[in-house]
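With the sequence shown counted from 1, adding 309 to any position gets you our numbering.
C-beta atoms are modelled at their ideal positions from N, C-alpha and C, and glycine is treated no differently.
First up is the structure itself, then whatever we jot down about it.
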Amino acid sequence: MESEFDKKLERFIRRLLEGRVIPFLGAGISLEAKHEDGTAGLAQTSGLIDKLARAIYRSYKKGDSYQKKWGRWCCRTTFSRSTLTSLKNAPLDNLCEMYAWLKGNDGQQSLVREVLEIPKFEGLLPTPAHHYIAFLAREGLIDEIITTNYDTCMEKAYEQTFEHHNENPACVITDLISYRQKSGKTYVEDGQSRLRCLKIYKINGCATQAKDDPEKILLTERQLQDWGERQWARELFRERLRSRSLIFSGFGSDEPQVRHTVLQVVEEFGSKYADDGEHSSQQTDRQDNQSTTKCSCWDLPNAPFIAAFEPHLSFNQMQILHAYAKAHSDALEYDKLYQNVFCGKDTYLFNPVKSKVEELPANLFWKRVYQATFWKLLRRSCQPDSPAKAFLSPLTPAAEVLFHKMLDWLAPPDKPFGRFPELLTVSDDVTDKCNKPGLTPLSYWISCVRYSECNPPPGWYACLIDRPVLIPMLLLILYLTLGEARNAQKWDELSNHISTQKGFLFFMIPDEQNEQRTMVMIAHQERAFRNNQEVNLPAEVKDYSIVQVLIGNGTNMKARKIRIRSKDCNSKHVRFVGVYQVPLADIFRYTHRPHLSSKAYRSSLERETVLIADRARPRLRDRTNSLL
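What follows is the structure, encoded as structure tokens:
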């Protein structure tokens with residue numbers, strides 16, 4: 310039976326795949342962001358409160374008479390006693406406004422530049438959560454983001470997913486001028502290519518403005534309660550609330566203007582019959598219809614979602630959900646309001662290893678959302694009308710069965726995040742032999758297969774929408790090579806059969822005694838070795854038989870045996886290594902059955918290499934002259 314967690318996760322992923330989700334990001338999304346100089350905690354709310362509290366307390370103790378009076382009032386107002394501790398327990402927006410009063414005319418400038426150091430937020434580096442959201446945007450599932458954060462992490466993460474480019478595909482919108490210029494963009498032209506835009510609406514200002522125009526950074530309670538000159542932002546927010554599903558992520562503290570606007574829009578949903586004399590009968594008919602179809606307001610296309618760090622919702626979060634359910638005459642029981650909520654109580658379902666922890670960090674939430682969504686996208690990429698199916702079908706009648714087996718192995722029904730979620734995890738492990746820090750293993754593999762200079766920058770992403778054939782075919786070869794190996798069903802085991810050293814991707818085929826004797830190197834046809842080419846091979850592969858499987862649809866590709874020169878960087882010794890080059894099409898040439906197992910694939914691979922060796926062997930007739 311499907312659990313409540315499975316239902317709400319499936320509902321959220323379905324909204325994503327429909328392109329109906331807009332992330333609304335708060336401070337929690339950047340909680341673990343580090344500055345490029347290594348400084349940590351720069352954007353943490355607790356750290357900002359500490360800076361403000363100390364600044365106010367310092368003015369109370371050492372300022373002029375004007376500042377001392379305001380400082381004394383601030384300390385006594387917070388908790389009726391003049392202590393630093395009392396200030397640290399006050400809300401951030403209150404402290405910001407108090408500090409502005411204390412400093413007088415220069416309060417905003419001092420607050421932004423000196424105390425909170427908002428200009429430094431421009432140097433914050435993206436967290437894994439930013440990267441996962443950027444990956445979803447690159448797959449064409451997210452085109453807009455609304456945030457109250459000042460940092461530039463989200464636009465950096467999205468820009469990093471692209472290869473070499475001159476134009477920035479992240480469109481940051483902070484005021485009416487930028488709204489007019491960028492809100493209608495879908496693509497930006499970059500030479501001969503078109504880059505899909507991600508529009509990022511920063512309703513409280515951006516760190517890039519803090520140095521030259523600190524007045525555009527909204528911090529105080531008064532500023533946050535009133536949209537003021539940001540009527541464009543209010544109308545945008547209201548329209549998206551009506552028509553799309555917003556996922557509130559990273560919100561722990563109160564955001565007055567956000568909460569009030571949400572409640573106003575929700576009230577509209579409940580007042581649709583206010584001026585209708587038939588309100589009672591129509592509402593009854595609607596309730597009868599809902600009971601018949603078992604339709605919940607949380608299934609509606611504009612139903613909000615909340616991802617909360619704590620195991621229970623805050624008052625402000627619960628107020629939004631309660632108002633939404635009440636406006637739709639839905640159940641108001643406590644548990645029913647959690648139908649679109651992911652919180653700390655769900656952590657053990659997102660990460661069974663930490664089953665006793667009831668905290669759901671944004672990094673973990675967005676990682677699992679991306680992983681679950683990717684496997685759904687992969688299934689789409691293997692459907693009958695897909696480019697991958699069109700590529701494989703002429704090669705083998707078993708194309709549909711092969712894709713089905715591959716998907717069942719990589720993403721079994723009981724594992725929503727995949728059998729190997731590590732394959733889609735942004736790595737920070739410099740010792741990981743299957744990956745490079747800042748990338749998912751799959752993206753790094755694609756870089757190894759596709760590019761001769763395999764040095765992708767952190768955050769680079771190989772997306773299915775741009776590589777609808779290469780990614781499914783690479784994963785299919787992974788399945789055929791290692792899918793039925795007894796000791797390759799967990800990531801730690803699987804990674805022992807994979808090498809990405811020196812920028813090459815090798816799958817090691819174990820024999821019946823589980824000894825690895827054949828190395829299958831996966832490469833795009835444009836990266837095929839040339840005869841006599843000097844290659845810096847990893848030391849660990851030089852004692853194995855090397856088969857280079859070429860992925861591509863070039864008509865001039867043919868199976869052959871070549872020799873390459875493998876040079877040791879630590880010495881001048883050069884060694885000749887034989888390499889069997891096999892186009893992917895040739896592997897399936899001798900398989901006419903409608904079903905193909907991993908064992909049959911390996912057998913076909915071995916047969917093809919034997920035939921290559923046989924064709925490459927010099928014949929007597931080629932080494933003699935005719936007598937006549």
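Nearest to residue i by alpha carbon, out of the options?
i: residue 712; options: 466, 564, 781; result: 781
i: residue 752; options: 683, 845, 795, 665; result: 683
i: residue 679; options: 324, 442, 317; result: 442
i: residue 552; options: 578, 529, 838, 538; result: 578
i: residue 434; options: 339, 402, 485; result: 339
i: residue 770; options: 426, 732, 794; result: 732
i: residue 449; options: 828, 478, 312, 423; result: 478
i: residue 422; options: 347, 575, 525; result: 525
i: residue 761; options: 844, 323, 337; result: 844
i: residue 352; options: 431, 366, 365, 418; result: 431
i: residue 467; options: 866, 807, 772, 663; result: 772
i: residue 785; options: 427, 701, 337, 854; result: 701
i: residue 549; options: 566, 561, 605, 613; result: 613
i: residue 489; options: 414, 342, 541, 604; result: 541
i: residue 406; options: 367, 362, 314, 436; result: 362
i: residue 672; options: 313, 447, 736; result: 736
From what residue to what residue does the alpha helix (DSSP H) around residue i run?
i: residue 802; result: 800-804
i: residue 874; result: Taken as a continuous stretch (DSSP letters only), residue 874 belongs to no alpha helix (DSSP H), being part of the beta strand (DSSP E) at 869-876.
i: residue 574; result: 565-579
i: residue 488; result: 485-491
i: residue 442; result: 437-447
Please list the terminal residues of the continuous beta strand (DSSP E) segment that includes residue i.
i: residue 561; result: Premise fails: residue 561 is in no beta strand (DSSP E) and is neither H nor E.
i: residue 480; result: 479-482
i: residue 888; result: 883-892
i: residue 510; result: 507-511
i: residue 332; result: 330-334
i: residue 857; result: 854-860
Within this structure, are the beta carbons of residue i and residue j separated by less than 8 Å?
i: residue 938; j: residue 454; result: What is shown of the chain runs 310 to 937, which leaves residue 938 out entirely.
i: residue 803; j: residue 832; result: no
i: residue 615; j: residue 622; result: yes
i: residue 857; j: residue 837; result: yes
i: residue 516; j: residue 570; result: no
i: residue 659; j: residue 669; result: yes
i: residue 650; j: residue 617; result: yes
i: residue 698; j: residue 692; result: yes
i: residue 425; j: residue 360; result: yes
i: residue 817; j: residue 855; result: no
i: residue 456; j: residue 397; result: no
i: residue 365; j: residue 681; result: no
i: residue 889; j: residue 867; result: no
i: residue 258; j: residue 783; result: Limits of the chain in this structure are 310 at one end and 937 at the other, which puts residue 258 out of reach.
i: residue 335; j: residue 558; result: yes
i: residue 746; j: residue 767; result: yes
i: residue 897; j: residue 704; result: yes
What is the DSSP secondary structure of residue i, reduced to helix, strand or coil?
i: residue 543; result: helix
i: residue 827; result: strand
i: residue 682; result: helix
i: residue 474; result: coil
i: residue 690; result: helix
i: residue 467; result: helix
i: residue 452; result: coil
i: residue 320; result: helix
i: residue 313; result: helix
i: residue 325; result: helix
i: residue 407; result: helix
i: residue 810; result: helix
i: residue 343; result: strand
i: residue 745; result: coil
i: residue 430; result: helix
i: residue 528; result: coil
i: residue 791; result: helix
i: residue 388; result: Confidence at residue 388 is low in this model, with a pLDDT of 49, below 50, so its placement is unreliable and no value can be given for it.
i: residue 555; result: strand
i: residue 357; result: helix
i: residue 666; result: coil
i: residue 349; result: strand
i: residue 459; result: coil
field: Ordered list of alpha helix (DSSP H) runs contained in the stretch 592-664, each at least 4 residues
entry: 624-636, 656-659
- prompt: If you scan the stretch 701-738 from start to end, which runs of the alpha helix (DSSP H) of 4 or more residues do you find wholly inside it?
  reply: 708-719
Segments of 4+ residues assigned as alpha helix (DSSP H) that fall wholly inside the stretch 749-786: 750-759
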